[in-house]
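J.: Residue numbers (our numbering): 37 to 121. Ideal Cβ placement from N, Cα and C applies to all residues, glycine included. These numbers were taken from a predicted model, which means no experiment stands behind them.
(1) Buried or exposed: where does residue 50 fall if 16 or more other Cβ atoms within 10 Å of its Cβ makes it buried?
(2) Going by alpha carbons, who is nearest to residue 97 out of 78, 73, 59?
(3) When DSSP labels each residue in this structure, what does residue 40 get in the three-state scheme?
(4) Taking only beta-carbon atoms, is residue 99 less than 8 Å away from chain C?
(5) Since residue 107 and residue 82 are thought to touch, with beta carbons under 8 Å apart, how far apart are those beta carbons, to the nearest angstrom?
(6) Rounded to the nearest angstrom, how far is the Cβ of residue 68 from that of residue 48, given a contact under 8 Å?
(7) Going by C-alpha distance, which of 112, 55, 116, 42 is nearest residue 74?
See below:
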């Protein structure tokens with residue numbers, strides 16, 4: 037069964053808010069609230085894949101402590117930029 041866009045956005049928003057560590061809850065919930073609605077299906081797919089990554093890795097990528105995987109670089113830069121505005 038195919039997930040409709042509204043359901044998918046709600047699922048991704050919830051997964052962004054309910055992470056393993058509080059720092060990632062804060063970072064990803066703010067980003068997803070500001071950005072998910074404007075993403076096309078391809079970018080939503082990539083964000084969904086990102087949410088499967090380990091929180092410790094994500095935190096290091098977003099804070100610049102480690103280099104993100106190539107496929108996530110642009111997305112990680114956008115997430116980091118959300119909190120620098």
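T.: Considering the structure as presented:
(1) exposed
(2) 59
(3) coil
(4) Chain labels in this structure do not include chain C; a single protein chain is all it has.
(5) 7 Å
(6) 6 Å
(7) 42
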